[in-house]
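Some notes on the structure that comes next.
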Amino acid sequence: MSKVRVLTPVVAVKDNMENATALKVDRLEANKVRIGLLDNTKPNTGRLLGYVGQMLMERGLAASTFDIDKKDSPANHSSSSATAAVFKQLSEKADFVITGLGN
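For the sequence shown, our numbering gives the first residue as 66, with consecutive numbering after it.
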């Protein structure tokens, strides 16, 4: 299985984000990146990510977008995190993933 790296554009809080690294955008090429949009099921997240994906496509920054809900797996009933199946789909269909909203 492919490895999933957690990236954040903000300074990581050591207790919560010990394995996070800063996003390096210098290797991303406009109109060649496949963007995954992972809905974390918070209210209006899917709607907001849909707008973000549309803007990335319209501005020529993404080659494609892929929407998925963290519950898009038969094995996930009420889990608080996405399943291995969801991460597998993201690793196969996206070069870069944008996810979620906080409470």
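Don't be surprised by glycine CBs; every beta carbon is placed ideally from N, CA and C. Here the structure is a predicted model, which is why all the values come from computation and not from measurement.
Exposed or buried, residue i, counting other C-beta atoms within 10 Å across all chains shown (16 or more means buried)?
{"i": "A149", "result": "exposed"}
{"i": "G118", "result": "buried"}
{"i": "G125", "result": "exposed"}
Between residue i and the rest of its own chain, which residues show a CB-CB distance below 6 Å, the 5 nearest in sequence each way excluded?
{"i": "D134", "result": "D104"}
{"i": "D160", "result": "V98 and R99"}
{"i": "G101", "result": "F131, L155, A159 and V162"}
Does DSSP classify residue i as helix, strand or coil?
{"i": "S156", "result": "helix"}
{"i": "V117", "result": "helix"}
{"i": "T164", "result": "strand"}
{"i": "R124", "result": "coil"}
Excluding five sequence neighbours on each side, which residues of the same chain lie with their C-beta closer than 8 Å to the C-beta of residue i?
{"i": "N109", "result": "L166"}
Measuring CA to CA, which of the options is closest to residue i?
{"i": "G111", "options": "E94, S129, K136 and K153", "result": "K136"}
{"i": "A147", "options": "T106, S129 and E157", "result": "T106"}
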